[in-house]
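Taking it in order: structure first as structure tokens, then the write-up.
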Amino acid sequence: MFFLFSEDPRTICDQQFFSELMKEASDVVGYFSSRVKHLLHLHISPGLHRYVLRLGQCFRSDRQTLTQEGRILIEYIAMNAIAMRKILKKYDKVHSSVNGENFKSRMHAEHIELLHSPWIIELGAFYLNSTELDSCELDGVYGHFSCHLNMNKDVMTLILPDSIKLEYALTCAICLDFVFNPYALSCGHIFCKSCACSAASVMNFQGLKAASPESKCPICREVGVYSKAVRMLELDLLMKRRCKDYWRERLASERVETLKQSKEYWNLQSTYAIGLL
3 MFFLFSEDPR TICDQQFFSE LMKEASDVVG YFSSRVKHLL HLHISPGLHR YVLRLGQCFR
63 SDRQTLTQEG RILIEYIAMN AIAMRKILKK YDKVHSSVNG ENFKSRMHAE HIELLHSPWI
123 IELGAFYLNS TELDSCELDG VYGHFSCHLN MNKDVMTLIL PDSIKLEYAL TCAICLDFVF
183 NPYALSCGHI FCKSCACSAA SVMNFQGLKA ASPESKCPIC REVGVYSKAV RMLELDLLMK
243 RRCKDYWRER LASERVETLK QSKEYWNLQS TYAIGLL
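Residue numbering for the sequence shown is 3 to 279, as defined by our numbering.
Below you can see the structure in the form of structure tokens.
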């Protein structure tokens, strides 16, 4: 008796394996992002709001505890990324395939890469802001996290075992300067708010959420990336602390530009309204 398979059993197993792996990666990224958001909310929130939030935490979220949780979260995502890398490498070696490499490309396309989330940059900035250091050691994974800001190269660097070295560029691809009042689009690319607004053809005071759903990222050209843009407050705070003069100059120039745009906008609105009378 012969059995006819419409699909290779190995292909079915591969699909199930990578489907489960994608779910695991999504769960890790989702948990990591939610914990980082909560942590940064406790750190950045205004006085009264912060007090209420910490009251709900039974006063356990003091500065030392927040800093320790930040370190744990960095180590959490790093260890999961290392484990994922080893699983995919082993899979390709055992099966003599490139499916593991292809899976990495799929993760990139769906924005769930473990070590390429803007939340890692925010978490790193938070940790450096909390400790007032330029670098920190990651004991749990024996790695190193640092930030270097200078006129030649503006990067955050994460060094992990297995020769993993990741550099997160902090230069805006539009103005080619340090990112100021930075926002991360949902595709992961980071820009100054004013530069991103200009690229999306909206005014500074309107904000990125006013961008058309058809607006594209200036780098990857993906559409619909502005509606869920994340304001990177910790990174901006790090810039303010490390580059005070530059930060003040950019703040002053952005205020002038925002005021200019506001006046032009309302003048146009007034002219339009008068024309309708």
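Heads up, the beta-carbon is just placed ideally off N, CA and C, and yes, glycines get one too. Quantities reported herein were computed from a predicted structural model and do not represent experimental measurements.
Secondary structure in the segment 100-133: the alpha helix (DSSP H) runs of 4 residues or longer, each lying completely within the stretch, are 101-111, 120-133 in chain order. For secondary structure counted as the alpha helix (DSSP H) over 4 or more consecutive residues, the segment 193-262 holds these complete runs in sequence order: 195-201, 235-244. In the pairwise beta carbon analysis, the segment 205-223 is classified as touching the segment 189-197: at least three pairs are separated by under 8 Å. Relative to residue 162, the option among 124, 175, 148 whose CA is nearest is 148. Counting only the Cα atoms, residue 118 lies some 20 Å from residue 182. Below 8 Å, enough C-beta pairs join the segment 119-130 and the segment 226-240 to call them touching: three or more. Of the candidates 24, 241, 259, the residue whose Cα lies closest to the Cα of residue 134 is 241. DSSP places residue 159 in the uninterrupted beta strand (DSSP E) bounded by 156-162. The alpha-carbon separation between residue 178 and residue 72 amounts to approximately 30 Å. Within its own chain, the residues whose Cβ lies closer than 7 Å to the Cβ of residue 267, once the five positions on either side in sequence are excluded, are 205, listed in chain order. If the five residues before and after residue 115 are omitted, its C-beta is found closer than 7 Å to the C-beta atoms of 109, all from its own chain and listed in chain order.
Residue pairing by DSSP places residue 171 opposite 157 in a beta bridge. Spatial neighbours of residue 129 in its own chain (CB-CB distance under 8 Å, excluding positions within 5 residues in sequence) are listed in chain order as 69, 72, 73, 76, 138, 147. With a threshold of 16 other beta carbon atoms within 10 Å, residue 193 meets it and is buried. The beta-carbon distance between residue 160 and residue 168, rounded to whole angstroms, is 5 Å. This is short enough to meet the 8 Å contact definition.
In terms of Cα proximity to residue 85, the closest of 166, 276, 248, 244 is 166. The secondary-structure analysis by DSSP pairs residue 166 across a beta bridge with 162. Look at residue 146 here: in three-state DSSP terms it is strand. The three-state reading of DSSP puts residue 137 in strand, counting E and B together.
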